[in-house]
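Asker: Using full-length UniProt numbering, the first residue of the sequence shown is number 1, and each one after it goes up by one.
Virtual Cβ for every residue (Gly too), placed ideally from N, Cα, C.
Nothing here was measured: the structure is a model prediction, and the numbers come from that model.
Quick one: the structure is below, and I'll ask about it shortly.
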Amino acid sequence: MSTPTTLHHFIGGKLHPSTSTQWRDVTNPATQEVVARVPFATPEEVNLAVANAQAAFQTWRSTSLGARMRIMLKLQHLIRENTAELAQLITREHGKTLPDAEGEVARGLEVVEHACSITTLQLGEIAENAATGVDVYNLLQPLGVGAGITAFNFPVMLPCFMFPMAIACGNTFVLKPSEQDPSSTMRLVELAHEAGVPPGVLNVIHGGPEVADMLCDHPDIKALSFIGSTHVGTHIYRRASEAGKRVQSMMGAKNHCVVMPDAPKEHALNNLLGSAFGAAGQRCMANSVAVFVGAARDWLPELVEKSKAMKVGPGTDRSADLGPLVNPRAKERVVGLIDSGVAQGARLLLDGRGCVVPGYEKGNFVGPTVFADVTDAMDIYQQEIFGPVLNVVCVDTLEDAIAFINRNPNGNGTSIFTSSGWAARKYQHDINVGQVGINVPIPVPVAYFSFTGSRASKLGDLGPNGKQAVQFWTQTKTVTARWYEEGSRADGVNTTITMK
Numbered sequence: 001m002s003t004p005t006t007l008h009h010f011i012g013g014k015l016h017p018s019t020s021t022q023w024r025d026v027t028n029p030a031t032q033e034v035v036a037r038v039p040f041a042t043p044e045e046v047n048l049a050v051a052n053a054q055a056a057f058q059t060w061r062s063t064s065l066g067a068r069m070r071i072m073l074k075l076q077h078l079i080r081e082n083t084a085e086l087a088q089l090i091t092r093e094h095g096k097t098l099p100d101a102e103g104e105v106a107r108g109l110e111v112v113e114h115a116c117s118i119t120t121l122q123l124g125e126i127a128e129n130a131a132t133g134v135d136v137y138n139l140l141q142p143l144g145v146g147a148g149i150t151a152f153n154f155p156v157m158l159p160c161f162m163f164p165m166a167i168a169c170g171n172t173f174v175l176k177p178s179e180q181d182p183s184s185t186m187r188l189v190e191l192a193h194e195a196g197v198p199p200g201v202l203n204v205i206h207g208g209p210e211v212a213d214m215l216c217d218h219p220d221i222k223a224l225s226f227i228g229s230t231h232v233g234t235h236i237y238r239r240a241s242e243a244g245k246r247v248q249s250m251m252g253a254k255n256h257c258v259v260m261p262d263a264p265k266e267h268a269l270n271n272l273l274g275s276a277f278g279a280a281g282q283r284c285m286a287n288s289v290a291v292f293v294g295a296a297r298d299w300l301p302e303l304v305e306k307s308k309a310m311k312v313g314p315g316t317d318r319s320a321d322l323g324p325l326v327n328p329r330a331k332e333r334v335v336g337l338i339d340s341g342v343a344q345g346a347r348l349l350l351d352g353r354g355c356v357v358p359g360y361e362k363g364n365f366v367g368p369t370v371f372a373d374v375t376d377a378m379d380i381y382q383q384e385i386f387g388p389v390l391n392v393v394c395v396d397t398l399e400d401a402i403a404f405i406n407r408n409p410n411g412n413g414t415s416i417f418t419s420s421g422w423a424a425r426k427y428q429h430d431i432n433v434g435q436v437g438i439n440v441p442i443p444v445p446v447a448y449f450s451f452t453g454s455r456a457s458k459l460g461d462l463g464p465n466g467k468q469a470v471q472f473w474t475q476t477k478t479v480t481a482r483w484y485e486e487g488s489r490a491d492g493v494n495t496t497i498t499m500k
């Protein structure tokens, strides 16, 4: 057994050993081996990180767009070169399979590549001669110190949804990664500094809810981005908003995948299972509810057989389809929800409880689980399970499917599998969900489009990525300017509001 790595904060461009008396073990979810220890920051350490960011902002805000762009170009190169190392760190602490972890790094890399376009993204607007001799123009200027709080399920991608665009826009940043799997995040930040991010521009502090609250309350933090559960996200949004901050809070979900009878069956079933069970269901964009329309319900036995054939194993096994849940508490919660589904009358077609992987008997494994006859009153439907559990609902028509999904309060993502352009267009028009996939199982858009979850899945007007990210991390300053010719004469006092 190897010696656990001692993690540090990252403040002012260097590792900062903590004086905290509160530490947490980071474990490998396939073995329960302690692989790292992470400190929970003291108030003094939080204040030091913010103070470093505030001091660095005075010079970073005036750094040219071209210089910021070149740092992002270097960072995307370094991430590409170090993908294997980042993926191994993700798998060691999160548990997802190596191919899935490599895919996560690639999706995070998309955002960094998008940030490389900052020289054209952060442009203002101008109207010449808005009035006689008067020009009006907008400037997109950085806010100041930004902060980010990320969930455990994407320890590289979610930080990439935050700090690259924030610092590319001229802000400085304090990041609090999940305390459950922080090592890959720390390596990502080290690569950012290797790429040329100046000291103090990007800082990392570790901790739990108390540290998150300190970031919400700190008067020098101007904007805060959060991705995580609905319960925590609602608290973060309210607390930070009351402290006068701009906030975006991307939260929980209950995503549905509609399968029409004219869908290409093999594609539909394979994509549905990959979405539901990949990463052991620990994705906010997982399609955890399958809505079979009409004769598509006849495909249910084949769905179950395909689910049985999926391989559960440690993330280091590249042939595995899904790995363990992140910790024993997560496994206990998922098993408890499966128990409740049985107790409340759902028909359990495939039971993933009691899943044991030879050689990894201590792992937090739950196998693919499929329920039929699920109603919207059941706990397994009302709660985000965040595990490899697929609920199946059967309806008669596409209209029934749309009405059923629109009754759910969440609006993160949804998909439809069909060969009908008419059905696809009707679905995208009538469904009240922020992100729609048409024959695409996980409709997370590419990074130059914004992440647009809606309703109970999102608080705040602006989401990560795309144009909305630039809007979120900048403030608009409008200048109205007139220049008088030297020696020109004034026409007297203008006491009206008009521009003469």
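On the DSSP letters alone, give me the boundaries of the beta strand (DSSP E) that ILE431 sits inside.
Answerer: From DSSP, ILE431 is part of no beta strand (DSSP E); its letter is neither H nor E.
Asker: What does a CB cutoff of less than 6 Å around ARG246 pick up in its chain, not counting 5 residues either side in sequence?
Answerer: So the list reads ALA223, once near-sequence residues are dropped.
Asker: Between ALA56 and PRO198, is the Cβ-Cβ spacing less than 8 Å?
Answerer: Their beta carbons are under 8 Å apart, which means ALA56 touches PRO198 by this criterion.
Asker: Do VAL145 and GLN54 have their C-beta atoms closer together than 8 Å?
Answerer: Yes, the pair counts as a contact, with Cβ atoms nearer than the cut-off.
Asker: Any idea which residues DSSP pairs VAL174 with across the strands?
Answerer: Looking at the DSSP assignment, VAL174 forms a beta bridge with ALA147 and ASN203.
Asker: If you run the structure through DSSP and keep just helix, strand and coil, what is ASN287?
Answerer: It is a strand residue.
Asker: At which residues does the beta strand (DSSP E) containing GLU93 begin and terminate?
Answerer: Taken as a continuous stretch (DSSP letters only), GLU93 belongs to no beta strand (DSSP E), being part of the alpha helix (DSSP H) at 83 to 94.
Asker: Report the partner residues of CYS257 according to the DSSP bridge assignment.
Answerer: DSSP output for CYS257 lists ALA290 and SER415 as bridge partner(s).
Asker: Okay, do the region 253 to 268 and the region 460 to 479 touch, 3+ Cβ pairs below 8 Å being the bar?
Answerer: The region 253 to 268 vs the region 460 to 479: no contact.
Asker: With ALA87 and ALA101 assumed to form a contact (beta carbons below 8 Å), what rounded beta-carbon distance in angstroms separates them?
Answerer: ALA87 to ALA101, Cβ: 4 Å. Contact.
Asker: Looking only at DSSP bridge pairs, what is PRO142 linked to?
Answerer: Beta-bridge pairing links PRO142 to THR474.
Asker: Might you give, ordered along the chain, the residues of its own chain that have their beta carbon closer than 6 Å to the beta carbon of residue 507, omitting 5 neighbours on each side?
Answerer: No answer is possible for residue 507: it lies beyond the span of the chain, which begins at 1 and ends at 500.
Asker: Please list, in chain order, all residues of the same chain as LEU143 whose beta carbon is under 6 Å from its beta carbon, the five residues on each side excluded.
Answerer: Answer for LEU143: ASN171, LYS222, ALA223 and GLN475, listed in chain order.
Asker: Got a sec? Which residues, its chain only, sit under 7 Å from SER275 by beta carbon, not counting five neighbours each side?
Answerer: Excluding residues within five positions, the ones whose Cβ falls inside 7 Å are CYS257, ALA286, ASN287, PRO441 and ILE442.
Asker: Going by alpha carbons, who is nearest to PRO39 out of VAL201, PRO177 and PRO99?
Answerer: Checked all of VAL201, PRO177 and PRO99; the closest Cα to PRO39 is PRO177.
Asker: Tell whether a beta-carbon distance below 8 Å holds between SER184 and ILE90.
Answerer: In contact: SER184 and ILE90 (Cβ atoms closer than 8 Å).
Asker: What residues are listed by DSSP as bridge partners for LYS14?
Answerer: Answer is ILE11, bridged to LYS14.
Asker: Determine the direct distance from the alpha carbon of MET214 to that of GLU44, and round the result to whole angstroms.
Answerer: Near 11 Å, if we compare the C-alpha coordinates of MET214 and GLU44.
Asker: How long is the line joining the alpha carbons of ARG239 and PHE226, rounded to whole angstroms?
Answerer: If I take the Cα positions, the gap works out to 12 Å.
Asker: Using only alpha-carbon positions, find the residue among ALA84, LEU398, GLU110 and GLU179 that is nearest to ILE431.
Answerer: Among ALA84, LEU398, GLU110 and GLU179, the Cα nearest to that of ILE431 is on LEU398.
Asker: How should GLN122 be labelled, buried or exposed, when 16 other C-beta atoms within 10 angstroms of its C-beta is the threshold for buried?
Answerer: Result: buried.
Asker: For a minimum of 4 consecutive residues, which ranges assigned as the alpha helix (DSSP H) are wholly contained in the region 297 to 341?
Answerer: For the region 297 to 341, whole alpha helix (DSSP H) runs of length 4 or above, ordered along the chain, are 300 to 308.
Asker: Please determine if the region 394 to 413 and the region 341 to 348 are in contact, where contact requires at least 3 C-beta pairs separated by less than 8 Å.
Answerer: Taking 8 Å as the limit for Cβ pairs, the verdict is that the region 341 to 348 does not touch the region 394 to 413.
Asker: What ranges does the alpha helix (DSSP H) occupy inside the region 205 to 241, keeping only unbroken runs of at least 4 residues that lie completely in it?
Answerer: Counting only runs of 4 or more, we get 209 to 217.
Asker: Tell me the residue span of the alpha helix (DSSP H) that contains ASN391.
Answerer: It is not in any alpha helix (DSSP H) - ASN391 instead sits in the beta strand (DSSP E) that spans 389 to 395.
Asker: Please report the residue range of the beta strand (DSSP E) in which GLU128 lies.
Answerer: That run of the beta strand (DSSP E) goes 126 to 131.
Asker: With DSSP as the reference, identify every bridge partner of SER454, one or two as the case may be.
Answerer: GLY411.
Asker: For the 8 Å Cβ check, are there 3 or more pairs between the region 20 to 32 and the region 350 to 367?
Answerer: Flag = yes, the region 20 to 32 and the region 350 to 367 touch.
Asker: Enumerate in chain order the residues of its own chain whose CB-to-CB distance from ARG425 is below 8 Å, with the five nearest sequence positions on each side excluded.
Answerer: Nothing listed; no residue qualifies.
Asker: Tell me, please, whether the CB atom of MET378 is closer than 8 Å to any CB atom in chain C?
Answerer: The chain inventory of the structure shown lacks chain C, comprising one protein chain alone.
Asker: Quick check: VAL189 and PHE10, are their CB atoms within less than 8 Å of each other?
Answerer: Taking 8 Å as the Cβ cut-off, VAL189 and PHE10 qualify as a contacting pair.
Asker: Select from ALA490, GLU110, SER249 and ALA330 the residue whose C-alpha is nearest the C-alpha of PHE386.
Answerer: Per the Cα distances, ALA330.
Asker: For MET186, count neighbouring C-beta atoms within 10 Å of its own C-beta (all shown protein chains included) and say buried if the count is 16 or more, exposed if not.
Answerer: The residue in question, MET186, is buried, as its Cβ has 16 or more Cβ neighbours within 10 Å.
Asker: Spell out the partners DSSP gives TRP23 in its beta bridges.
Answerer: Beta-bridge pairing links TRP23 to PRO39.
Asker: Under 8 Å between the Cβ atoms of ARG318 and LEU158?
Answerer: The answer is no: Cβ separation not under 8 Å.
Asker: For PRO368, collect the residues of the same chain with a Cβ closer than 7 Å to its Cβ; drop the 5 residues on either side in sequence, then sort them by chain order.
Answerer: The residues are PHE277, SER307, MET310, LEU350, GLY352 and PRO388.
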